[in-house]
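Anchor point for the sequence shown: position 424 equals 423 in numbering that gives the first Met the number 0, and the numbering is continuous, going up by one each time. Quick reminder that beta carbons are idealized off the backbone N, C-alpha and C, glycines included. Each remark here refers to the structure printed beneath this line.
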Amino acid sequence: MSVSQQVFLRDAMRRLNLTRDVFAGRIGVKRRALDTWLLPEGSQEFRAMPEVVGRFVTEIIENEALLQKYAQSAQSGPLRNRIAADGKHQLLSVDQFSRESVEELFRIADQMQPIARRQKVSRVLEGAVLGNLFFEASTRTRVSFGAAFCRLGGSVCDTTGFTFSSMAKGESIYDTSRVMSGYVDAMVIRHPDKGSVAEFARATNIPVVNGGDGPGEHPSQALLDLYTILTEFSRLGKLLDGAHIALVGDLKYGRTVHSLIKLLSLYRGLKFTLVSPRGLEMPDYILEQAGTRGHVIEQTYSLEEGLAGADVIYATRVQKERFAAEELEGYTPDFQVNKAIIDKVGRPDVIVMHPLPRDSREGANDLSVDLNHDSRLAIFRQTDNGIPVRMAIFAVLLGVENLVQHSLRDVTWSPPSHIGPDDSVFHGVD
């Protein structure tokens with residue numbers, strides 16, 4: 000680079016006509032990382048930007064079409080209109096997102112962090128009621144959605160399982176959806192049948208969020224997973240473009256990985272290594288969608304081979320409740336992601352993730368608890384990130400995202416500095 004890094008980046012922001020915040024979002028990095036790249040080279044806090052950033056920014060400013068695309072700002076209208084499903088403000092699939100819109104959602108999630116971390120309070124959804132309709136077992140997803148809605152000032156009505164619902168009496172999805180729409184202002188729905196949440200959505204005009212439809216998709220989980228990856232990479236000074244992602248476990252029925260690989264495919268030059276037991280491979284239609292975007296996709300049945308060199312290891316449990324004819328009861332011991340194999344073949348800065356719950360019972364061989372004190376394990380940072388991301392989803396779908404900053408006030412209680420006693424040293428880093 001013939002000019003200094005600082006001059007190069009400032010010139011790029013000027014030519015794109017973008018503020019520092021928006022520029023950081025456009026190139027997929029945190030504002031904090033960009034700030035360190037813009038400091039004078041003699042500064043103690045100065046950091047050299049990754050080479051891939053320089054190539055990416057150069058490509059944008061030298062390509063007229065890309066320049067126009069990245070220079071656009073709020074002229075394209077509210078985010079909820081740009082991600083609408085069939086003209087409705089609903090979140091049914093990650094296919095509704097572009098890279099630009101998902102990163103805009105994450106900037107809104109960043110604004111929610113002081114509320115999620117119990118430093119600030121907002122009441123922008125005061126008076127609004129959320130219907131949490133979970134026709135399949137859930138703890139963390141159901142409570143996470145409810146907590147996110149409450150932290151914006153709303154209230155929640157819950158129903159769980161088929162046994163206590165009118166659907167057990169033969170009521171149709173259409174009738175249930177239409178009736179509930181008269182009671183609540185938004186719905187989160189989990190259902191064991193693929194495509195069922197879209198059927199709920201067709202019967203109402205209020206916001207509907209897919210909380211998981213059988214082996215189909217789990218868009219909010221994928222969004223919080225991607226948000227976690229970007230946050231962790233920002234801390235490490237890395238970019239997602241060009242990263243190596245290892246997806247491990249039940250890739251056939253694991254809806255979280257189906258949605259996540261679609262979102263990750265919005266980025267550039269990724270390498271996916273898919274590691275699964277035989278019979279639980281990633282469905283072909285997911286591979287075809289990711290493959291059309293030029294990413295490298297490798298499949299292996301060797302855990303050690305699959306984890307080597309990965310920037311992110313995303314493990315999943317066996318989804319036995321969705322099995323048809325499979326006989327597998329759990330992973331074999333040589334398929335368990337644990338500290339020994341991470342130390343042996345993992346990068347020093349690898350991020351280990353899991354959508355949870357992890358099966359800690361003997362013989363399940365799910366993600367090992369011996370990583371609990373390892374800072375590379377991000378599962379609790381991951382679940383904590385579900386709150387600001389789901390708050391952002393609700394704020395966008397209900398059209399209040401621009402009101403949040405002006406509504407903040409200090410909390411009146413004293414929250415703990417760390418949520419869990421076993422949190423790693425990196426937990427809660429801004």
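- When only Cα atoms are considered, L225 and Q95 end up about 15 Å apart.
- Setting aside the 5 residues that flank it on each side, S121 is surrounded in the same chain by I114, L151, G152, V403, S406, L407, each with a C-beta closer than 7 Å to its C-beta; the list follows chain order.
- By the Cβ test, the region 180-192 is in contact with the region 132-145, since at least three Cβ pairs between them sit closer than 8 Å.
- Rounded to whole angstroms, R106 and L17 show a C-alpha spacing of 15 Å.
- Closest in alpha carbon position to G236, among A377, L269, V123, K29, is K29.
- In the DSSP secondary-structure assignment, M186 is bridged to G130, V207.
- Put simply, the region 134-144 touches the region 196-210. At least three CB pairs are less than 8 Å apart.
- Taking a contact as a CB-CB distance under 8 Å, the pair A127 and D184 counts as one, their CB atoms being some 4 Å apart.
- With a threshold of 16 other beta carbon atoms within 10 Å, K251 meets it and is buried.
- DSSP places L246 in the strand class (E or B) of the three-state scheme.
- Proximity to L370 across Q288, V351, L355, M390 peaks at V351, based on C-alpha coordinates.
- Assignment of beta-bridge partners to Y313 by DSSP yields L246, M352.
- Taking every protein chain shown into account, the CB of D249 has 16 or more other CB atoms within 10 angstroms, so this residue is buried.
- If you check the CB distance, G362 and L229 do not come in under 8 Å.
- Pairing R380 with T203 gives a Cβ-Cβ distance that is not under 8 Å.
- T255 has its alpha-carbon roughly 42 Å from the corresponding atom of E40.
- When the alpha-carbon of N364 is set against those of A314, E102, G76, the nearest one is in A314.
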